[in-house]
Amino acid sequence: MNTLLIALVAAGAGLLYGAYLIWNVLRAGPENNNEFDELVGEESENISVVPFYMKKENQIMLAVGILITAVLARWDSVIIAIAFVVGAIISSVAWWIGVAVSARAKSLGHKSGIVMGFFVAGIALASVAGFYWIVPNVQALIALSFGAVLVSLFARLSGDIEGPMASDIFATYVASLSLIMFLANILLPNITNLTTLPLLIGAISIGAAIIGSFAGAIPGGLVLAGIISIAAFRVLTINMPFIRDIGASAGVAIFWSLTFGTLIAVFIALLAKYYIGKPSRSMEAVVLPAIMVGAALYGAYWFAGIYGVALSVVSMVSMASMIIVANESGQIIKEITNTFAITTAGLGAIVLFGTFAQKLSEAGTNTLFQLSDARLIIGLTIGSMMPYLLESLAMRKISKAIAVLAPIAFAFLIGFLLGPESLGGFILGAIITGFLFAISLIFGDDKKRAVIGSAINPMVRAISIAAILVATFL
């Protein structure tokens, strides 16, 4: 059976399951929302009162989206611009559904998590597989993920605690799938099935998550879903002819890359659960996630290079449906899901940098990123300050348009004024500082800063994807 068709069938199953659960939640009515009102607080007190399309931030988001669409259509192509719009629209829908479900959920625990978990995973897989089926252009997939990431950044800066997780996980999932498909197309363009392999991985993970959901949340359901996924990955890598055609060791390399990502997803969730039950230790909390990401990066790269790292990210983010389900303490959005999103973004951002380097090479720009190069150090320095700039702008309630556009504008300016070396350093600086800074904010004792910390993920992705899109012109 065609890989795209398998992915669409699995995505459809996730969507139907999620839609059924959403229907159950919405028909229950908003009568038991007192706990929700306490959780959301003043920052989002009007979330279920003001219509989605009337909120000021959405009007700003629309204006920014139109501007970027016009720029992409003028300087790149109409297809790229359309892909950006499609990604933004679907991410907005995911955001809206996240808000609606969280506001109307009768039970704020496992039931609401399972609703958003399967629906988001299904809609993300369907978006990438469906768009690639209609427009088999991997460059357009990058623009699709750019639109999704931009909306998730706006969502995170909206002040809402609950709803943006759907948009954020959707953007992470779409970006991960799009980037590895883009990388595979560049590295091994003659093996079409390798480009669509990530979609098959996503399909397997949705099936594993549906089974795992019946075993509860953390640790039972998550561990069960992980075991099923790893077993299915082994069967996949042994029996797929196109994997054997690559080389004798290709199956082993792909299997272990996928396994690393799945194990990291489970360990990060368990680690976050541990820190949630302790007094605030925001600085200490960054240590083990950083070590885990480094270990996964080393192992996956050793087995299959940058493509292996990308595979580990896809297998990790494919556990998103079970991670969102795993909120047994009564809140929809918790440190578990935020930590998972941040860690996935940290590992995925390395793939973004690798994709940026490959894109430069494809465009004929042979660039070496060396620490002895002053241009790289300049970029590293400026990139390292971007998470702090975003936090400052958000805390002072500066215009959301400025907070969103400033990092992207910096990426464009550095690329055109200082060259690809500085732009590469800029991406790396934002990745490393953003990953650690975001985790420290999430596990701190300031809820407002915790919300802002979760916005650093999409900011880093937006910077990196913008750099990939502009790489052709450097």
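Under this note's numbering, the first residue of the sequence shown carries the number 115, and numbering increases by one thereafter. The C-beta atom is built at its ideal place from N, Cα and C for all residues, glycine as well. Remember, predicted model here, so these are calculated numbers, not experimental data.
Presumed contact (8 Å Cβ cut-off) between residue i and residue j, rounded CB distance
{"i": "Ile211", "j": "Ala280", "result": "6 Å"}
{"i": "Ser266", "j": "Ala235", "result": "Their Cβ separation, rounded to whole angstroms, is 15 Å, which puts Ser266 and Ala235 out of contact at 8 Å."}
{"i": "Phe551", "j": "Gly497", "result": "The pair is not a contact, with the Cβ atoms about 12 Å apart (cut-off 8 Å)."}
{"i": "Ala124", "j": "Ile204", "result": "Contact flag wrong, Cβ pair sits at about 17 Å."}
{"i": "Leu256", "j": "Ile579", "result": "Reading off the sequence, residue 256 comes out as Ile, not Leu. Confirmed, about 6 Å."}
{"i": "Pro534", "j": "Leu474", "result": "5 Å"}
{"i": "Val349", "j": "Met295", "result": "About 22 Å; that fails the 8 Å criterion."}
{"i": "Ser429", "j": "Ile305", "result": "Going by Cβ atoms, the distance from Ser429 to Ile305 rounds to 19 Å, so no, they are not a contact pair."}
{"i": "Leu538", "j": "Phe483", "result": "Before going on, a small fix: residue 538 reads as Gly here, not Leu. Their Cβ separation, rounded to whole angstroms, is 5 Å, which keeps Gly538 and Phe483 in contact under 8 Å."}
{"i": "Val427", "j": "Tyr415", "result": "That belief does not hold up - the Cβ atoms of Val427 and Tyr415 are roughly 12 Å apart, past 8 Å."}
{"i": "Leu311", "j": "Thr469", "result": "Not a contact, Cβ separation roughly 16 Å."}
{"i": "Ala254", "j": "Ile194", "result": "6 Å"}
Euclidean distance between Cα positions of residue i and residue j
{"i": "Ala121", "j": "Leu583", "result": "26 Å"}
{"i": "Ile248", "j": "Asn299", "result": "17 Å"}
{"i": "Val407", "j": "Gly460", "result": "8 Å"}
{"i": "Ile283", "j": "Ala471", "result": "25 Å"}
{"i": "Leu504", "j": "Gly543", "result": "14 Å"}
{"i": "Ala367", "j": "Ala418", "result": "6 Å"}
{"i": "Leu490", "j": "Leu531", "result": "13 Å"}
{"i": "Ile342", "j": "Val185", "result": "45 Å"}
{"i": "Gln173", "j": "Ile464", "result": "33 Å"}
{"i": "Arg358", "j": "Gly365", "result": "7 Å"}
{"i": "Gly589", "j": "Tyr421", "result": "This structure does not reach residue 589, given that the chain is present from 115 up to 588, and the question cannot be answered."}
{"i": "Ile378", "j": "Tyr502", "result": "27 Å"}
{"i": "Asn116", "j": "Thr457", "result": "32 Å"}
{"i": "Asn353", "j": "Thr376", "result": "20 Å"}
{"i": "Thr481", "j": "Leu338", "result": "44 Å"}
{"i": "Gly326", "j": "Met433", "result": "11 Å"}
{"i": "Ala317", "j": "Leu425", "result": "14 Å"}
{"i": "Leu119", "j": "Ala346", "result": "18 Å"}
{"i": "Val431", "j": "Gly462", "result": "9 Å"}
{"i": "Ser363", "j": "Leu372", "result": "14 Å"}
{"i": "Leu527", "j": "Ala520", "result": "10 Å"}
{"i": "Val178", "j": "Ile492", "result": "28 Å"}
{"i": "Lys126", "j": "Ser206", "result": "It is Gly, not Lys, that sits at residue 126 in the sequence shown. Rounded to whole angstroms, Gly126 to Ser206 spans 19 Å at the Cα level."}
{"i": "Pro572", "j": "Ile556", "result": "15 Å"}
{"i": "Leu135", "j": "Gly340", "result": "23 Å"}
{"i": "Asp190", "j": "Ala585", "result": "12 Å"}
{"i": "Thr309", "j": "Trp137", "result": "35 Å"}
{"i": "Pro250", "j": "Arg510", "result": "43 Å"}
{"i": "Thr183", "j": "Ala488", "result": "34 Å"}
{"i": "Ala322", "j": "Leu181", "result": "41 Å"}
{"i": "Val192", "j": "Phe374", "result": "38 Å"}
Contact set for residue i: own chain, Cβ-Cβ below 7 Å, skip 5 residues either direction
{"i": "Tyr131", "result": "Phe232, Ile324"}
{"i": "Ala517", "result": "Leu271, Leu504, Leu507, Ala508"}
{"i": "Asn160", "result": "Caution is warranted here: a pLDDT of 40 is assigned to Asn160, below 50, making its placement in the model unreliable, and the coordinate value is therefore given only provisionally. Within the same chain, Asn160 has no close Cβ partners at all."}
{"i": "Phe369", "result": "Phe347, Arg348, Thr351"}
{"i": "Ala581", "result": "Phe470, Ala525, Gly529, Leu537, Ile541"}
Cut-off 8 Å between Cβ atoms - residues of its own chain near residue i, not counting five sequence neighbours on either side
{"i": "Leu589", "result": "Nothing in the structure corresponds to residue 589, since the chain is present only between 115 and 588."}
{"i": "Ile546", "result": "Ser498"}
{"i": "Leu402", "result": "Leu385"}
{"i": "Ala576", "result": "Phe260, Val263, Leu264, Leu267, Val518, Pro521, Ile522"}
{"i": "Glu476", "result": "Ile300"}
Candidates the options: closest to residue i by CA position
{"i": "Ala214", "options": "Leu474, Ala133, Leu537", "result": "Ala133"}
{"i": "Leu176", "options": "Gly126, Ala238, Leu264", "result": "Leu264"}
{"i": "Ser486", "options": "Ser536, Tyr502, Thr457", "result": "Ser536"}
{"i": "Ala525", "options": "Leu482, Asn304, Gly567, Phe467", "result": "Phe467"}
{"i": "Phe587", "options": "Leu372, Gly529, Ile570", "result": "Gly529"}
{"i": "Leu302", "options": "Phe347, Ile360, Leu338, Leu313", "result": "Ile360"}
{"i": "Ala238", "options": "Ile194, Leu313, Ala269, Thr183", "result": "Leu313"}
{"i": "Trp209", "options": "Ala187, Val401, Gly462, Ala269", "result": "Ala269"}
{"i": "Val380", "options": "Leu527, Phe369, Ala410", "result": "Ala410"}
{"i": "Ala404", "options": "Trp189, Arg188, Ile553", "result": "Ile553"}
Chain-order list of residues whose beta-carbon lies under 6 Å from that of residue i (same chain, five-residue window excluded)
{"i": "Gly128", "result": "Phe232, Ala235, Gly236, Ile320"}
{"i": "Asn307", "result": "Phe356"}
{"i": "Gly548", "result": "Pro501, Ile570, Val574"}
{"i": "Ala329", "result": "Gly335, Leu338"}
{"i": "Ala187", "result": "Ala195"}
Distance cut-off 7 Å: residue i Cβ against heavy atoms of the ligand NAP
{"i": "Ala202", "result": "Summarising the ligand content, the structure contains no ligands, and the ligand NAP is consequently not present."}
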